[in-house]
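Engineer:
There are 2 protein chains.
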Amino acid sequence: MGMIVQKFGGSSVKNADLIHRAARRAIRAKIDGHQVVVVVSAMGDYTDQLVDLANQITDRPNRREMDQLLSTGEQISIALMAMAIHHAGHDAISLTGGQIGLKTYGAFGRARIREITQKTRMLQLLSEGNIVIVAGFQGVDESANVTTLGRGGSDTTAVALAAALGADTCEIYTDVDGIYTADPRIVPEARKLPFIYYDEMLELASLGAQVMHSRSIELGKNYGVTIHVRSSYTDAKGTDIVKEASDLQQVIVRGAALKKDLGRVEITGVPNRPGLASDIFKRVAEQGVIVDDIIQVIHEGGKTADISFTIDSADKRDADAVCSTFAKDTPGVAIKIREGIAKISVVGVGMRTHTGVASRMFEALHKANINIENISTSEIVISVLVKADDAPAALRAVHATFELAVETPEQIAPMS
Amino acid sequence: MGMIVQKFGGSSVKNADLIHRAARRAIRAKIDGHQVVVVVSAMGDYTDQLVDLANQITDRPNRREMDQLLSTGEQISIALMAMAIHHAGHDAISLTGGQIGLKTYGAFGRARIREITQKTRMLQLLSEGNIVIVAGFQGVDESANVTTLGRGGSDTTAVALAAALGADTCEIYTDVDGIYTADPRIVPEARKLPFIYYDEMLELASLGAQVMHSRSIELGKNYGVTIHVRSSYTDAKGTDIVKEASDLQQVIVRGAALKKDLGRVEITGVPNRPGLASDIFKRVAEQGVIVDDIIQVIHEGGKTADISFTIDSADKRDADAVCSTFAKDTPGVAIKIREGIAKISVVGVGMRTHTGVASRMFEALHKANINIENISTSEIVISVLVKADDAPAALRAVHATFELAVETPEQIAPMS
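Residue numbers (our numbering), protein chains in the order written: chain A, 1 to 416; chain E, 417 to 832.
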């Protein structure tokens with residue numbers, strides 16, 4: 001039956017009952033004949049509690065010590081999970097990131113996985129009949145310092161382990177029951193997808209779908225690990241994130257996403273001199289502000305240009321500060337930041353080979369009386385900026401026009 | 417100025433304010449020119465909270481997993497302590513038991529230290545100007561499993577580190593300000609001892625003084641580490657636990673102790689056959705009941721004997737069960753367990769060379785109208801059993817008769 005990796009997020013292990021429930025799921029997989037590796041996150045909001053503790057000590061905690069602190073959250077979860085499995089009469093052993101030899105490089109707080117050295121030990125423990133419980137989110141660097149992998153880190157651990165151990169599937173148990181064609185809280189008729197391709201999921205993740213973090217999907221893609229996203233509360237099948245197949249009957253639009261809380265920085269009267277635009281973006285990048293959808297319009301005569309770009313509203317203050325400084329340094333330049341912007345996107349690998357998607361999208365929005373502020377496209381994505389107030393209606397209009405609620409046969413499983 | 421190891425117990429790091437206070441103490445030692453190693457326990461009752469968590473999962477937690485769980489308590493403390501030192505503008509780095517290479521052997525939950533392998537790294541970190549913060553109570557075994565050292569484990573870590581690194585002193589910061597001639601809550605005139613010898617402290621620890629655990633004192637004795645027990649709340653000098661000096665003017669009685677909550681098992685009518693007595697004690701030991709002060713009285717004619725021994729009241733039920741079974745198996749034998757017993761002891765290495773201590777003690781108790789139930793002596797200890805109700809008065813009488821409240825010149829510092 002092969003090997004399976006099951007990952008339980010913080011909401012799936014937030015109390016003793018849920019830990020027992022997760023333990024039963026792991027045991028069921030073992031009884032079904034699988035070798036089972038379980039990856040767990042810290043319980044519920046425990047990581048936040050640790051951050052609070054650090055903030056009681058200092059307003060600028062050292063990043064190495066923060067990782068030393070935060071890694072205890074997952075260590076608690078693995079010990080309790082192993083106890084829960086023992087309680088049910090099965091063998092289990094918990095291992096920290098250091099104990100599986102999950103070696104990382106890069107900065108504390110957002111380290112990246114270099115390798116997993118203790119594969120042989122883990123395979124030995126599995127072959128002895130243990131369910132192996134691994135702490136997500138953490139590793140050790142080359143000096144044996146504890147490191148953490150940043151947002152979505154436990155998913156990354158799970159997929160990396162599945163790749164390293166050659167598991168058939170990596171199951172991600174979470175508080176949603178799969179990937180939907182759109183956020184069901186906004187689009188009630190949204191449909192759970194039986195599967196989605198890595199590239200589609202990567203785009204959706206960056207466009208507002210918060211189910212999975214990009215790094216774990218990239219890892220799954222690079223190592224061909226099938227990721228199954230499903231609910232920890234039900235037995236319903238979730239969504240497989242899988243390798244792209246060369247379908248003849250390709251689905252054109254897989255899903256639609258809404259990214260809220262965006263702002264638009266508009267810089268007017270920028271002298272059209274080489275290096276000035278790059279100077280702006282260098283300053284913005286130094287502040288850690290992430291920039292998207294850059295548009296530069298050069299005015300008649302070519303003397304000045306207007307530059308605009310999208311930012312997260314959370315970055316508004318930083319962006320304002322740095323752009324205002326730029327304006328002060330550069331005569332004639334004016335700055336305006338508009339908030340209340342949202343981005344609606346459709347994603348599908350079928351767009352590579354199909355045309356007419358953009359016009360169909362624009363027509364739907366036009367019919368819904370929604371004004372489009374900006375358009376951007378990439379190989380498998382079309383995005384438009386709209387006013388935040390229009391965004392829910394826009395998402396519903398787009399979802400309807402591409403008939404995403406309808407499950408066609410080619411959407412049930414990838415053909416290859 | 418050399419190196420100093422400072423150990424802060426759970427009550428000394430139970431909140432952010434106290435962590436900052438402990439950090440300031442370490443920084444002061446560093447500013448005074450010492451290299452400083454800090455060993456910390458888990459915050460306040462955090463270990464109890466973790467035990468509660470485990471008990472929510474199962475009533476019989478696996479010992480390995482319990483160690484995996486409990487070790488997180490000290491890991492949290494070291495990270496926060498390092499942050500507090502950084503906050504005050506000094507360099508510090510936290511290290512877990514695994515990171516200092518504290519290798520253990522023996523059972524989970526009460527592992528023993530084999531060696532500390534990362535001495536070179538620690539000395540390097542110290543020479544670079546860091547205060548090195550080490551998690552007490554924990555280590556790793558030869559298979560890289562996390563282990564804990566059991567009761568008093570952080571003290572053991574601190575003394576072991578002082579020995580391994582060649583520190584001059586190991587300071588134990590706690591919620592009492594030193595070792596007293598007797599428990600000051602019972603004997604108001606009890607006096608804080610400037611120093612005490614290892615062997616005296618070892619006896620007092622086993623006779624009811626709860627300040628230090630035996631294992632760390634043994635370690636200090638074996639490696640000649642001066643242990644300084646002092647308050648984390650004041651700057652007052654505490655008590656040095658030191659190597660025995662060959663004083664001419666030896667102090668005869670260093671201190672007195674009271675051990676409460678004892679019971680006395682009395683087994684009558686035991687046939688005087690070889691092996692029967694050892695059978696009783698074998699059965700009792702198998703139940704994990706610790707036995708003390710065994711008396712066997714053989715009756716006239718030599719046909720039967722009465723056997724009695726002291727137990728902790730906490731073990732009463734286990735002792736009762738096993739002795740009752742013995743009585744059932746052995747015709748003529750009867751069992752009685754009396755509770756409400758206490759033991760009063762006086763301790764001093766001077767007893768090795770002085771006589772008359774016992775008679776002086778008995779006389780004092782007699783004058784105080786206290787009945788002595790049993791007497792036991794060893795090289796540097798004389799103990800009597802009394803009724804628990806008489807125990808406080810007995811301790812005061814003994815303390816007074818040996819004039820323990822009076823500080824004589826030879827008690828200020830060991831002569832050698």
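Quick reminder that beta carbons are idealized off the backbone N, C-alpha and C, glycines included. Since the model is a prediction, treat every value here as computed from it, not as a measurement.
Do ALA209 of chain A and ALA257 of chain A have their CB atoms nearer than 8 angstroms?
Structural biologist: Position 209 of the first sequence holds residue 209 of chain A. Position 257 of the first sequence holds residue 257 of chain A. Yes. Within cutoff.
Engineer: Do we get a CB-CB distance below 8 angstroms when we pair MET122 of chain A with the residues of chain E?
Structural biologist: Here residue 122 of chain A refers to the residue found at position 122 when the first sequence is read from its first residue. No, no contact with chain E.
Engineer: I want to verify the contact list: residues of chain E whose CB lies under 9 angstroms from the CB of MET72 of chain A, in sequence order.
Structural biologist: Your numbering for residue 72 of chain A matches position 72 in the first sequence. Per the sequence presented here, residue 72 of chain A reads as Thr, with Met not at that position. Chain E residues near THR72 of chain A: SER487, THR488, GLY489, GLN491, ILE492, ALA495.
Engineer: What separation, rounded to the nearest whole angstrom, lies between the Cα atoms of LYS719 of chain E and VAL713 of chain E?
Structural biologist: Counting from one through the second sequence, the residue named residue 719 of chain E turns up at place 303. Counting from one through the second sequence, the residue named residue 713 of chain E turns up at place 297. Roughly 11 angstroms between the two C-alpha positions.
Engineer: Taking all protein chains shown into account, decide if ARG476 of chain E is buried (16 or more other Cβ within 10 angstroms of its Cβ) or exposed.
Structural biologist: Along the second sequence, one-based indexing puts residue 476 of chain E at 60. ARG476 of chain E is exposed by the Cβ-count criterion.
Engineer: If you scan the region 245 to 296 of chain A from start to end, which runs of the alpha helix (DSSP H) of 4 or more residues do you find wholly inside it?
Structural biologist: 276 to 286
Engineer: Could you tell me which of A:MET212, A:ALA358, A:MET122, A:GLY98 sits nearest to VAL562 of chain E, measuring between CA atoms?
Structural biologist: Locating residue 562 of chain E in the second sequence gives position 146, counting from the first residue. Among A:MET212, A:ALA358, A:MET122, A:GLY98, the Cα nearest to that of VAL562 of chain E is on A:GLY98.
Engineer: State the Cα-Cα distance for the pair ILE760 of chain E and LYS675 of chain E, rounded to the nearest angstrom.
Structural biologist: As a position in the second sequence, residue 760 of chain E is number 344, starting the count at 1. As a position in the second sequence, residue 675 of chain E is number 259, starting the count at 1. If I take the Cα positions, the gap works out to 7 angstroms.
Engineer: Any idea which residues DSSP pairs VAL575 of chain E with across the strands?
Structural biologist: Looking up residue 575 of chain E in the second sequence gives position 159. In the DSSP output, where bridge partners are listed per residue, VAL575 of chain E has none listed.
Engineer: Nearest chain E C-beta to ILE19 of chain A closer than 8 angstroms, yes or no?
Structural biologist: For the purposes of this step, residue 19 of chain A is taken as the residue at position 19 of the first sequence. Interface residue, yes.
Engineer: Report buried or exposed for GLN424 of chain A, applying the criterion of at least 16 other Cβ atoms within 10 angstroms of its Cβ.
Structural biologist: A query on residue 424 of chain A cannot be resolved here, the shown segment of chain A reaching from 1 to 416 and no further.
Engineer: Rounded to the nearest angstrom, what separates GLY833 of chain E and VAL645 of chain E at their Cα positions?
Structural biologist: Here chain E comprises residues numbered 417 to 832, so residue 833 of chain E is not present and cannot be evaluated.
Engineer: Under 7 angstroms between beta-carbons, which chain A residues line up against HIS715 of chain E? List them in chain order, please.
Structural biologist: Here the question's residue 715 of chain E lines up with position 299 in the second sequence. In chain order: nothing, as chain A lies at least about 52 angstroms away.
Engineer: Closest Cβ-Cβ distance between SER510 of chain E and chain A: below 8 angstroms?
Structural biologist: By one-based count along the second sequence, residue 510 of chain E stands at place 94. Taking Cβ atoms only, chain A reaches closer than 8 angstroms to SER510 of chain E, which makes this a yes.
Engineer: Please specify which runs of the alpha helix (DSSP H), each continuous and at least 4 residues long, are wholly inside the region 481 to 550 of chain E, giving them in chain order.
Structural biologist: Correct list: 535 to 543.
Engineer: Output the distance between the C-alpha atoms of GLY288 of chain A and HIS506 of chain E, rounded to the nearest integer angstrom.
Structural biologist: The count along the first sequence starts at 1 and reaches residue 288 of chain A at position 288. The count along the second sequence starts at 1 and reaches residue 506 of chain E at position 90. Their Cα atoms are separated by approximately 28 angstroms.
Engineer: Buried or exposed: where does GLN540 of chain E fall if 16 or more other Cβ atoms within 10 Å of its Cβ makes it buried?
Structural biologist: The residue you call residue 540 of chain E lines up with position 124 of the second sequence. Burial call: exposed.
Engineer: Between SER313 of chain A and GLY263 of chain A, how many whole angstroms is the CB-CB distance? I'm expecting something under 8 angstroms.
Structural biologist: Reading the first sequence from its first residue, position 313 is the one you call residue 313 of chain A. Reading the first sequence from its first residue, position 263 is the one you call residue 263 of chain A. Contact flag correct, Cβ pair sits at about 5 angstroms.
Engineer: If we ignore side chains and look at the alpha-carbon of each, how far apart do ILE727 of chain E and ASP651 of chain E end up?
Structural biologist: Taking the first residue of the second sequence as position 1, residue 727 of chain E is located at position 311. Taking the first residue of the second sequence as position 1, residue 651 of chain E is located at position 235. Cα to Cα, ILE727 of chain E sits roughly 39 angstroms from ASP651 of chain E.
Engineer: Verify the CB distance criterion: does LEU518 of chain E have a CB-CB separation below 8 angstroms to chain A?
Structural biologist: The residue labelled residue 518 of chain E in the question sits at position 102 within the second sequence. So, not an interface residue.
Engineer: Which residues mark the beginning and the end of the alpha helix (DSSP H) in which ILE31 of chain A is found?
Structural biologist: Mapped onto the first sequence, residue 31 of chain A falls at position 31. Run containing ILE31 of chain A: 16 to 31, per the alpha helix (DSSP H) assignment.
Engineer: Could you tell me which residues DSSP puts in a beta bridge with HIS299 of chain A?
Structural biologist: Translated into the one-based positions of the first sequence, residue 299 of chain A becomes position 299. Answer is none; HIS299 of chain A lacks a bridge partner.
Engineer: Three or more beta-carbon pairs under 8 angstroms between the region 757 to 774 of chain E and the region 805 to 815 of chain E, yes or no?
Structural biologist: yes
Engineer: Note down, in chain order, all residues in the region 196 to 222 of chain A with a beta-carbon under 7 angstroms from any beta-carbon belonging to chain E.
Structural biologist: none
Engineer: Within 8 angstroms of any Cβ in chain E, is that where the Cβ of LEU53 of chain A sits?
Structural biologist: Residue 53 of chain A sits at position 53 when you count from the first residue of the first sequence. It does: the Cβ of LEU53 of chain A has a partner Cβ on chain E nearer than 8 angstroms.
Engineer: Using the C-alpha atoms, what's the distance from MET499 of chain E back to LEU53 of chain A?
Structural biologist: Counted from its first residue, the first sequence places residue 53 of chain A at position 53. Counted from its first residue, the second sequence places residue 499 of chain E at position 83. If I take the Cα positions, the gap works out to 11 angstroms.
Engineer: If we ignore side chains and look at the alpha-carbon of each, how far apart do VAL667 of chain E and PHE725 of chain E end up?
Structural biologist: In the second sequence, the residue the question calls residue 667 of chain E occupies position 251. In the second sequence, the residue the question calls residue 725 of chain E occupies position 309. Those two C-alpha atoms are separated by around 31 angstroms.
Engineer: Compare the Cα-Cα distances from ALA721 of chain E to each of E:ASP708, E:ILE492, E:ILE509, E:ARG689 and report the closest residue.
Structural biologist: Against the second sequence, residue 721 of chain E aligns to sequence position 305. Taking only the C-alpha atoms, the option nearest ALA721 of chain E is E:ARG689.
Engineer: What in chain E is Cβ-close to ASN130 of chain A, meaning under 8 angstroms?
Structural biologist: What you label residue 130 of chain A is simply residue 130 of the first sequence in a count that begins at 1. By Cβ distance, chain E contributes nothing, its closest Cβ being about 12 angstroms from ASN130 of chain A, past 8 angstroms.
Engineer: Note down the Cα distance separating LYS744 of chain E from VAL456 of chain E, rounded to an integer number of angstroms.
Structural biologist: Indexing the second sequence from 1 puts residue 744 of chain E at position 328. Indexing the second sequence from 1 puts residue 456 of chain E at position 40. Answer to the nearest angstrom: the Cα atoms are 51 angstroms apart.
Engineer: Could you check which residue in A:ALA42, A:VAL36, A:ARG110, A:SER143 has the C-alpha nearest to that of ALA92 of chain A?
Structural biologist: Within the first sequence, the letter at position 92 stands for residue 92 of chain A. Looking at the Cα atoms, A:VAL36 is the closest of the given residues.
Engineer: What's the gap between the Cα of LYS14 of chain A and the Cα of ASP483 of chain E?
Structural biologist: Working through the first sequence from its first residue, we reach residue 14 of chain A at position 14. Working through the second sequence from its first residue, we reach residue 483 of chain E at position 67. Their backbone Cα atoms lie some 21 angstroms apart in a straight line.
Engineer: Within this structure, are the beta carbons of VAL253 of chain A and ILE337 of chain A separated by less than 8 angstroms?
Structural biologist: Here the question's residue 253 of chain A lines up with position 253 in the first sequence. Here the question's residue 337 of chain A lines up with position 337 in the first sequence. Not in contact: VAL253 of chain A and ILE337 of chain A (Cβ atoms no closer than 8 angstroms).
Engineer: Does at least one heavy atom of the ligand GTP sit under 7 angstroms from the Cβ of GLY166 of chain A?
Structural biologist: This structure simply doesn't include the ligand GTP, nor any ligand for that matter.
Engineer: Can the beta-carbon of ALA394 of chain A be found closer than 8 angstroms to that of ILE375 of chain A?
Structural biologist: Within the first sequence, residue 394 of chain A is the residue found at index 394, counting from 1. Within the first sequence, residue 375 of chain A is the residue found at index 375, counting from 1. Not a contact, by the Cβ cut-off of 8 angstroms.
Engineer: I need the straight-line Cα distance from ILE116 of chain A to ALA162 of chain A, nearest angstrom please.
Structural biologist: Your numbering for residue 116 of chain A matches position 116 in the first sequence. Your numbering for residue 162 of chain A matches position 162 in the first sequence. Taking the straight line joining both Cα atoms gives about 11 angstroms.
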